[in-house]
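Only one structure is covered here, and it is reproduced in the block below.
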Amino acid sequence: MTQEPNRDQTSQVMQRSYRSVLSPNLNMVNLQDHNQNTAMHVVCSNGYLEMCRFANLLNGTSDWCCTKTKLVTHLSTWPQNMFKKFLKGLKKQKSTTPLHLAAEKGFDSIVRFLLLKNATIDRRDKNNRTALDIAIREGHREVARALVEDSNWKNLMRSYQSLPLGRHNHGRDTPLRRLINKFPDVAEHVFDNCVTGCGERSEDYNFFYVYDFEFLDDTYMMPSKNGTELLSTINPFNDDGFLKKGAKAYSDDYDVIYKNHPLKIMVNSERLDLLSHPLAISLLKYKWNSLGRFVYYFALAIYIVFIFLYTIYITQTPAPYNLFDKKNNYIDLDQELADYNGTCKNALVSRPPSLNLSKWAVIILAIAQLLKEVRDIVC
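Quick note on my numbering: the sequence shown kicks off at 139 and runs consecutively.
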């Protein structure tokens, strides 16, 4: 009965073999096969962490690109000078890197190693996807966690998206929104990264927190130079946190913005841990203090006026069965109107002009409120 060798033993044998072959010229480790894959691509796609370290030790490049996604397990024997001009242009292309391959296969340990060796974290493949986009799509939670724990995590969270100007129903699609839906615990780590404490100790009087809402509140985008579309590649905020001149909401349909906002996504997905995070609470407080409270208090004032006028009208309008004559004596209408042809000549019914004004104000406010409710139901 034959026993299959384990991965560590295989890795050791491969290391000894490659060292004997590549030791005369360590740069050969970056040679590519006919699918333009280096040794680093191969070991990363197959999950060989020790071989990945070994390839890096032999000057293997963690950012090397391949333009084809099909992998083979042998190295090309082309002379190195044939690749110099070709690879110089190849590195500028949007191509698959070892980091993309490790993220696609779910090898979080290799992802951490590549990041430790300064792999470019926001490099995009031919489909314009970063390693984080691939990890989220493939459902690799630990890979996504390893990526957002890197010091350059912000570069991953920025979405390279363009949207048309004006009113449309295209919502923004960002890594944070996908993390909220699929990996809320990883999204919570992103929230933690957006909160920075300033000061030596939290107990100090001068200690304060700085909240970065760039990814949680991304309503605004900058227009392109020709003004035909909105680009997410340009930060719409100045260094002081205020909007730049010319920044626009990504859609004139604010229902689209409301339904696609990360806070609304958290509510729909019942992400209570994220909603109770200090970053989300601070954003809600900021929106409340800057705009929300004024809208709320204005609506409350309108309602109070409606109740006040309605109460005045009800209390000051005499009931039809409770009349008084000119001498302010009570008139019993049951006796006066018992006869079919009976009259009540002494009854005095008078209404001040202000009461009529209250009546029409109540009617107008009631109609306006009904129209608002109908609009909310329809929209």
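Ideal Cβ positions, reconstructed from N, Cα and C, are used throughout, including at glycine.
Fair warning: this is a prediction, and the values are worked out from it, not measured in the lab.
If the criterion is Cβ atoms closer than 7 angstroms, does the pair ASN307 and VAL405 meet it?
Taking the sequence shown and counting its residues from 1, one reaches residue 307 at position 169. Taking the sequence shown and counting its residues from 1, one reaches residue 405 at position 267. Not a contact, by the Cβ cut-off of 7 angstroms.
By alpha-carbon positions, which one of ASN376, THR312, SER300 and HIS399 ends up nearest to THR366?
Looking up residue 366 in the sequence shown gives position 228. Among ASN376, THR312, SER300 and HIS399, the Cα nearest to that of THR366 belongs to SER300.
Please classify PHE329: is it buried, with 16 or more other beta-carbons within 10 angstroms of its beta-carbon, or exposed?
Locating residue 329 in the sequence shown gives position 191, where the first residue counts as 1. Burial call: buried.
Span separating the alpha-carbon of TRP498 from that of LYS383:
Translated into positions along the sequence shown, residue 498 becomes position 360. Translated into positions along the sequence shown, residue 383 becomes position 245. When rounded, the distance between both Cα atoms is 45 angstroms.
What number of angstroms, rounded off, separates the C-alpha of ILE372 from the C-alpha of MET359?
Position 234 of the sequence shown, counted from the first residue, corresponds to residue 372. Position 221 of the sequence shown, counted from the first residue, corresponds to residue 359. Straight across, the Cα-Cα distance linking ILE372 with MET359 is about 7 angstroms.
By the 10 Å Cβ neighbour count, where 16 or more other Cβ atoms means buried, how is ILE274 classified, buried or exposed?
Looking up residue 274 in the sequence shown gives position 136. It counts as buried.
Do VAL249 and ALA284 have their C-beta atoms within less than 7 angstroms of each other?
Translated into the one-based positions of the sequence shown, residue 249 becomes position 111. Translated into the one-based positions of the sequence shown, residue 284 becomes position 146. It is a contact, given that the beta carbons lie within the stated cut-off.
What separation, rounded to the nearest whole angstrom, lies between the Cα atoms of ASP377 and LEU270?
Taking the sequence shown and counting its residues from 1, one reaches residue 377 at position 239. Taking the sequence shown and counting its residues from 1, one reaches residue 270 at position 132. Those two C-alpha atoms are separated by around 26 angstroms.
How many angstroms separate the CA atom of PHE353 from the CA atom of LYS243?
Within the sequence shown, numbered from 1, the residue matching residue 353 stands at position 215. Within the sequence shown, numbered from 1, the residue matching residue 243 stands at position 105. Taking the straight line from one Cα to the other gives about 27 angstroms.
So CYS332 and TYR349 are supposed to be a Cβ contact under 8 angstroms. How far apart are they, rounded?
Position 194 of the sequence shown holds residue 332. Position 211 of the sequence shown holds residue 349. Confirmed, about 6 angstroms.
Roughly how many angstroms lie between the CA atoms of ALA418 and ASN427, to the nearest whole one?
In the sequence shown, residue 418 corresponds to position 280, counting from 1. In the sequence shown, residue 427 corresponds to position 289, counting from 1. Annotation: ALA418 to ASN427 spans about 14 angstroms, alpha carbon to alpha carbon.
Bridge partner(s) assigned by DSSP for ARG360:
Counting from 1 along the sequence shown, the entry for residue 360 is found at position 222. A quick correction: the sequence has Met, not Arg, at residue 360. The partner list for MET360 (beta bridge, DSSP) reads LEU369.
Have a look at PHE345 and THR334 and give me their C-alpha separation to the nearest angstrom.
If you number the sequence shown from 1, residue 345 lands on position 207. If you number the sequence shown from 1, residue 334 lands on position 196. Just so you know, the alpha carbons of PHE345 and THR334 end up roughly 11 angstroms apart.
Endpoints, alpha helix (DSSP H) assigned at PRO313
The residue given as residue 313 occupies position 175 in the sequence shown. First-last of the alpha helix (DSSP H) with PRO313: 313-320.
What is the rounded straight-line gap between the Cα of PHE245 and the Cα of PHE251?
As a first step, residue 245 must be located in the sequence shown, where it is residue number 107. As a first step, residue 251 must be located in the sequence shown, where it is residue number 113. About 10 angstroms.
What distance in whole Å lies between the Cβ atoms of ASP263 and SER297, which are believed to be in contact at a cut-off of 8 angstroms?
Taking the first residue of the sequence shown as 1, we reach residue 297 at position 159. Taking the first residue of the sequence shown as 1, we reach residue 263 at position 125. Rounded, the Cβ-Cβ distance is 15 angstroms, inconsistent with contact.
Candidates LEU508, GLU326, SER340 and TYR392: which alpha carbon is nearest PRO411's?
In the sequence shown, the residue the question calls residue 411 occupies position 273. Correcting the residue identity first, residue 411 is Asp in this sequence and not Pro. Its Cα nearest to that of ASP411, the residue GLU326 stands out among LEU508, GLU326, SER340 and TYR392.
Just confirm the distance between the C-beta atoms of GLY304 and ASP390, as a whole number of angstroms; I'd bet it's less than 8 angstroms.
Working through the sequence shown from its first residue, we reach residue 304 at position 166. Working through the sequence shown from its first residue, we reach residue 390 at position 252. Contact flag correct, Cβ pair sits at about 6 angstroms.
With distances taken Cα to Cα, identify the nearest neighbour of PHE321 among HIS278, TRP291 and LEU503.
In the sequence shown, counting from the first residue as 1, residue 321 sits at position 183. Out of HIS278, TRP291 and LEU503, HIS278 has the C-alpha closest to the C-alpha of PHE321.
Residue of PHE436, LEU254, LEU413 and ARG261 minimising C-alpha distance to HIS238:
Numbered from 1 along the sequence shown, position 100 holds the residue referred to as residue 238. Ranking the options by Cα distance to HIS238, first place goes to ARG261.
Assign PRO400 to one of three DSSP states: helix, strand, or coil.
Translated into positions along the sequence shown, residue 400 becomes position 262. Under the three-state reduction of DSSP, PRO400 is assigned to helix.
On a CA-only basis, which of GLU276, GLY379 and ALA257 is nearest ASP288? Give me that one, please.
Counted from its first residue, the sequence shown places residue 288 at position 150. Considering only alpha carbons, the answer is ALA257.
Nearest by alpha-carbon distance to LEU314: which of PHE444, ALA437, LEU401 and LEU503 is it?
Within the sequence shown, the letter at position 176 stands for residue 314. Check the Cα spacing between LEU314 and each of PHE444, ALA437, LEU401 and LEU503: the tightest is with LEU401.
LEU225 by DSSP, collapsed to three states: which one?
For the purposes of this step, residue 225 is identified with residue 87 of the sequence shown, where counting begins at 1. Interpretation of LEU225 is limited by its pLDDT of 39, a score under 50 that renders its predicted location unreliable; the figure taken from the coordinates is listed afterwards. DSSP places LEU225 in helix when its eight states are reduced to three.
Out of THR268, LEU493 and ASP311, which one is the CA nearest neighbour of ASN290?
Taking the first residue of the sequence shown as 1, we reach residue 290 at position 152. Cα-wise, what sits closest to ASN290 is THR268.
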